[in-house]
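Protein chains in written order, with this note's numbering: chain A, 3 to 140; chain B, 3 to 140. Notes to accompany the following structure.
Number of protein chains: 2
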Amino acid sequence: MLSKKTKYGIKALAYIARKKDRKPVQASEISESENISQKFLESIMLELRKSGFLGSKKGKGGGYYLIKEPGEIRMTAVIRVLEGPIAMVPCVSLNYYEKCDDCPDEKTCSVHKLMIQVRDASLDVLGENTLEDIAFTQ
Amino acid sequence: MLSKKTKYGIKALAYIARKKDRKPVQASEISESENISQKFLESIMLELRKSGFLGSKKGKGGGYYLIKEPGEIRMTAVIRVLEGPIAMVPCVSLNYYEKCDDCPDEKTCSVHKLMIQVRDASLDVLGENTLEDIAFTQ
DNA sequence: TATAATCCTATCGGTTTACTAGGTTTTAAG
DNA sequence: CTTAAAACCTAGTAAACCGATAGGATTATA
């Protein structure tokens, strides 16, 4: 299950991407428009800034803005930062690999190969969709 | 992330499927062979029985056995029972649908369409794999 | 009758989630 | 220079969930 954090983060990025001008967008505006708790959203925006998706400007008239073009932001990257691994099991994760305690050998594990297939299917979808693709969906 | 419950459940089903005869398999045997806490596994086996995947026989020489052929058990069904929804967001779940609090309209939600794609990709994989497919993977 | 198995209920410590509170700092506008 | 508006930061917290564990009750076999 996708956490609310990730969901809100994606919505916020999409909201910013939808604006034509590149003027900073305030968290308060996004929180109102997208029905997200403002304080919670603030912490998410901060994380998106620290991980290089957003820039920010402080003070009056400040806000957040995209650093890259929406078309260059793959959803895999966004989800990995906000949610963590895309794989359903750590032992098939490309970016967050962890060995299972119980499995003596991954090659003979019945769950392993199945989850690799699921992972690859998800990666295909999330890797082909960019922020631009999802921002202008309607 | 797949819960351990689901992971253990799949492993247990695969273990039983691998046996040629249809004699009941004890939870204790599975728990030893697959390195799963016995008490925890017991509760999982019970759930698998109540949901119609397994039959059971009590008392000495008892255990659990498959009710259907492994080739007839789709992994979608197993995961839905043990884990719940396959979708990453309730609002795109086929079997566990729930409306989002924040979304006024799913059709204009940027997350929605993306998650439908992910869901469908996962469903493809999990629907095409049966217990037989994953039990005899090596 | 002893033993081995499932079945059942309850509990529990730890972690995560989704916030909330309460500020500090920076900047622009008046 | 003052005020307001914005990001930034730290901490805490209630609730839910997870992965077990405990302790037995029930049932069947030998």
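In this text, a Cβ means the ideal position worked out from N, Cα and C, and glycines have one as well.
Between R82 (chain A) and E36 (chain B), the alpha-carbon positions lie close to 31 Å from each other. Neighbourhood of N97 (chain B) in chain A, by CB distance below 8 Å: empty, with the nearest CB roughly 14 Å away. One finds K9, I12, K13 in chain B with Cβ atoms closer than 7 Å to the Cβ of V113 (chain A), taken in chain order.
L56 (chain A) carries a strand assignment under DSSP once its states are collapsed to helix, strand and coil. The C-alpha of A123 (chain A) is placed about 12 Å away from the C-alpha of M90 (chain A).
Residues of the region 44–78 of chain A whose Cβ lies closer than 7 Å to any Cβ of chain B, in chain order: M77. According to the DSSP assignment, Y10 (chain A) belongs to the alpha helix (DSSP H) that extends over 6–20.
Here DSSP, grouped into helix, strand and coil, assigns R82 (chain B) to helix. Of the other Cβ atoms in all chains shown, fewer than 16 fall within 10 Å of the Cβ of I69 (chain A); this residue is therefore exposed. Judged by DSSP in its simplified three-state form, V127 (chain B) adopts helix. Taking the Cα positions, I32 (chain A) is about 11 Å away from P26 (chain A). With distances taken between CA atoms, Q28 (chain A) lies nearest to A:L56 out of A:K52, A:K6, A:M3, A:L56. Excluding sequence positions up to five before and after I46 (chain A), its CB lies within less than 7 Å of the CB of K7, Y10, G11, A14, all in the same chain and listed in chain order.
Going by DSSP, L68 (chain B) is part of the beta strand (DSSP E) stretching over 65–68. Excluding its 5 nearest sequence neighbours in each direction, R51 (chain A) has C-beta neighbours in its own chain below 6 Å: S58, listed in chain order.
Closest by C-alpha distance to I18 (chain B), out of B:C102, B:E71, B:E49, is B:E71. Looking only at A:G54, A:H114, A:I75, A:M77, the smallest Cα-Cα distance to Y66 (chain A) is reached by A:G54. Of the residues assessed, Q119 (chain B) falls on the buried side of the cut-off, its CB having 16 or more other CB atoms within 10 angstroms. Note on S39 (chain A): under 16 other CB atoms within 10 angstroms of its CB, so exposed under the neighbour-count rule. Interface annotation, I18 (chain B): not in contact with chain A, CB-CB separation never under 8 Å. Counted as a single uninterrupted DSSP element, the alpha helix (DSSP H) harbouring S30 (chain A) occupies residues 29–36.
For A29 (chain A), no CB of chain B lies under 8 Å from its own CB, so it is not counted at the interface with that chain. E74 (chain B) and D135 (chain B) have their C-alpha atoms some 10 Å from each other. Interface residue (Cβ-Cβ distance to chain B less than 8 Å): V91 (chain A) is classified as such. In the displayed model, T110 (chain B) falls within a helix according to three-state DSSP.
Among the residues of the region 115–134 of chain A, those with a Cβ less than 8 Å away from any Cβ of chain B are K115, L116, M117, Q119, V120, A123, S124, D126, V127, L128, N131, in the order of the chain.
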